[in-house]
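All remarks here apply to the structure that follows.
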Amino acid sequence: MSYIPAPQKPTPWLVPLCGTVIIGYTDIAAAGSRALLGLRGTKEVLYFEIPDVSKAAPCCWTKPTKKPPVQSMRRGKGPVEKPLAPFMVYNCKFKQYSLVIINTHLSSGTGYAVAKYLADSFSDSFVHKVFILSALRLDHLDRRSHQEMFENTWNGMCPGTEFPELPKYMKIFDPVLCDMIQMFLIEGIPFSVLSLPGHRADSGNATEMDGSYEVISAIQSCVRDITELSFSLQTSAELALVTCLDKISMHMMMLDTVLTESRCFILLWSSTGFYGMSLTASYPVVAFLVVVAAAAAVVVVVAAAVVVVVVVVVVAAAAAVVVVVVAAVAVVVVVVVVLVVVAAVVVAVVVVVVVVVIAVVVVEVVVAEVALVVVEVVAAAAVRNCEKI
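With the working numbering applied, the sequence shown corresponds to residues 125 to 513, in that order.
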């Protein structure tokens with residue numbers, strides 16, 4: 125009995141990194157990622173993908189500029205601005221620092237895959253020091269320490285700052301940070317978490333209203349003291365943030381648009397009715413035609429009856445001879461038969477029109493129900509997508 129090995133997933137490409145890595149991810153205030161995206165100076169920009177998070181979308185965007193950078197206008201010489209991606213790395217090779225930027229909203233189910241990929245990349249590039257930047261929701265923090273940063277180290281990591289440790293009684297409500305801490309602890313990677321209090325950021329630019337502007341400024345100042353790298357607070361603050369609520373609202377708007385357009389499409393698709401109108405709009409016209417046909421049938425039958433009576437009276441009055449009477453009766457019979465046939469034809473036409481209208485209505489209802497079932501399936505998929513965000 126032969127053994128057939130199970131197919132294995134292809135090994136993902138591991139992004140090359142320098143000896144010291146600084147991680148900025150989309151925390152509650154999107155401060156870590158936005159702070160690192162404001163890096164100045166010469167840098168190598170790398171993009172990487174994580175197989176288990178293949179549908180990730182960037183949450184921070186740069187505003188479109190009317191004029192291209194001056195350096196990119198010199199016949200292609202010099203660096204050219206590149207769009208932001210969900211997973212990016214800024215390699216500062218002269219100073220041996222790598223800035224890993226996670227520019228996407230990660231759910232609790234995808235944080236582990238990202239942490240595993242980063243741990244494998246650290247091992248492949250022989251990284252010996254890792255800093256994680258994070259803005260946390262700290263509800264029970266002392267007011268005196270509200271604007272203070274904290275640093276906690278693991279696996280023999282030497283502190284990079286003089287900030288105090290985060291109190292042990294504090295609970296962390298950040299699944300992505302918890303996944304990274306757990307993974308790096310298991311892999312034995314020396315790392316430090318630089319955290320500070322933060323609140324949920326609003327969509328758009330970083331402002332003082334939601335507190336994200338101060339948090340980004342504090343993180344950049346801290347990283348500048350550790351690495352001597354230069355950052356632009358204005359660049360980071362001008363990044364347009366798309367929050368999870370914005371994504372859900374966008375999905376719901378798209379869903380509403382799909383529902384509306386689907387209903388319109390159903391009506392337009394079934395517009396084979398009268399005068400180019402949809403079947404729903406042609407119902408009054410159909411009803412009018414049915415009434416007219418019925419009225420015409422009644423008028424024809426009444427007129428035929430009147431004609432029969434007149435003919436019978438005239439023939440009876442003028443019938444002096446039996447032959448004439450027989451002929452008159454024959455004429456009356458023929459006229460009655462003709463009138464009955466005409467009335468039957470009119471009634472048959474009315475019945476056919478009614479049957480056709482009913483059949484058309486039934487077909488439209490069936491088509492509409494099938495189309496709406498498809499729309500509901502799309503809606504359910506959209507809701508599941510919103511739940512994953």
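All C-beta atoms, glycine included, are put in the ideal place defined by N, C-alpha and C.
Excluding five sequence neighbours on each side, which residues of the same chain lie with their C-beta closer than 7 Å to the C-beta of residue i?
i: residue 396; result: Residue placement at residue 396 cannot be trusted, given a pLDDT of 43 that sits under 50; the coordinates are not used to answer.
i: residue 186; result: 208 and 363
i: residue 249; result: 140 and 141
Relative to the C-alpha of residue i, which candidate in the options has its C-alpha closest?
i: residue 260; options: 238, 209 and 336; result: 336
i: residue 221; options: 240, 435, 330 and 143; result: 143
i: residue 99; options: 223, 450 and 485; result: This structure cannot speak to residue 99, because the chain is shown only from 125 to 513.
i: residue 164; options: 357, 342, 149 and 275; result: 357
i: residue 366; options: 177, 313, 280 and 208; result: 208
i: residue 330; options: 309, 344 and 364; result: 364
i: residue 251; options: 273, 298, 229 and 311; result: 311
i: residue 148; options: 461, 215 and 227; result: 227
i: residue 342; options: 462, 327 and 361; result: 361
i: residue 285; options: 346, 279, 298 and 292; result: 346
i: residue 470; options: 281, 417, 182 and 485; result: 417
i: residue 168; options: 334, 287, 217 and 292; result: 217
i: residue 181; options: 478, 456 and 210; result: 210
i: residue 272; options: 287, 247, 294 and 184; result: 287
i: residue 278; options: 298, 479, 294 and 309; result: 309
State the DSSP-derived secondary structure class of residue i, mapped to helix, strand or coil.
i: residue 152; result: coil
i: residue 321; result: strand
i: residue 184; result: strand
i: residue 517; result: An answer regarding residue 517 cannot be provided, because it is not within the stretch 125 to 513 covered by the chain.
i: residue 389; result: Reliability fails at residue 389, whose pLDDT of 49 lies under 50, so the model's placement of it is uncertain and the value that follows must be treated cautiously. DSSP places residue 389 in helix when its eight states are reduced to three.
i: residue 463; result: helix
i: residue 513; result: Bear in mind that the predicted position of residue 513 carries a pLDDT of just 48, short of 50, making it unreliable; the figure below should be weighed with that in mind. Residue 513 falls in the coil class under three-state DSSP.
i: residue 168; result: strand
i: residue 366; result: coil
i: residue 485; result: helix
i: residue 145; result: strand
i: residue 230; result: coil
i: residue 103; result: Missing from the structure shown is residue 103; the chain here goes from 125 to 513 and no further.
i: residue 160; result: helix
i: residue 137; result: coil
Please work out which residues of its chain come closer than 6 Å, Cβ to Cβ, to residue i, disregarding the five sequence neighbours upstream and downstream, and give them in chain order.
i: residue 339; result: 153, 155, 259 and 322
i: residue 301; result: 258
i: residue 136; result: 175
i: residue 461; result: none
i: residue 451; result: none
i: residue 234; result: 177
i: residue 359; result: 162
Please list, in chain order, all residues of the same chain as residue i whose beta carbon is under 8 Å from its beta carbon, the five residues on each side excluded.
i: residue 459; result: 428, 431, 432 and 435
i: residue 389; result: Caution applies to residue 389, whose pLDDT of 49 falls short of 50 and renders its modelled position unreliable; the value that the coordinates give is listed next. Only 495 meet the Cβ criterion.
i: residue 348; result: 354 and 355
i: residue 467; result: 421, 424, 425 and 428
i: residue 276; result: 289, 290, 316, 317 and 319
i: residue 307; result: 236, 239, 240, 242 and 243
i: residue 296; result: 260 and 302
i: residue 465; result: none
Between the alpha carbons of residue i and residue j, how many angstroms are there, rounded?
i: residue 351; j: residue 495; result: 59 Å
i: residue 232; j: residue 488; result: 45 Å
i: residue 140; j: residue 242; result: 11 Å
i: residue 283; j: residue 254; result: 11 Å
i: residue 274; j: residue 493; result: 59 Å
i: residue 481; j: residue 474; result: 11 Å
i: residue 256; j: residue 303; result: 12 Å
i: residue 490; j: residue 501; result: 17 Å
i: residue 138; j: residue 327; result: 32 Å
i: residue 332; j: residue 166; result: 30 Å
i: residue 158; j: residue 498; result: 40 Å
i: residue 219; j: residue 145; result: 11 Å
i: residue 262; j: residue 229; result: 20 Å
i: residue 213; j: residue 173; result: 11 Å
i: residue 484; j: residue 419; result: 23 Å
i: residue 280; j: residue 314; result: 6 Å
i: residue 170; j: residue 215; result: 8 Å
i: residue 324; j: residue 247; result: 33 Å
Can you tell me where the alpha helix (DSSP H) with residue i in it begins and where it stops?
i: residue 299; result: 299–311
i: residue 238; result: 235–249
i: residue 221; result: Here residue 221 belongs to no alpha helix (DSSP H); instead the beta strand (DSSP E) covers 221–226.
Kindly indicate the opening and closing residues of the beta strand (DSSP E) around residue i.
i: residue 211; result: 211–216
i: residue 351; result: Per DSSP, residue 351 belongs to no beta strand (DSSP E); it is in the alpha helix (DSSP H), 336–351.
i: residue 359; result: No beta strand (DSSP E) holds residue 359; the alpha helix (DSSP H) holding it covers 357–361.
i: residue 276; result: 274–278
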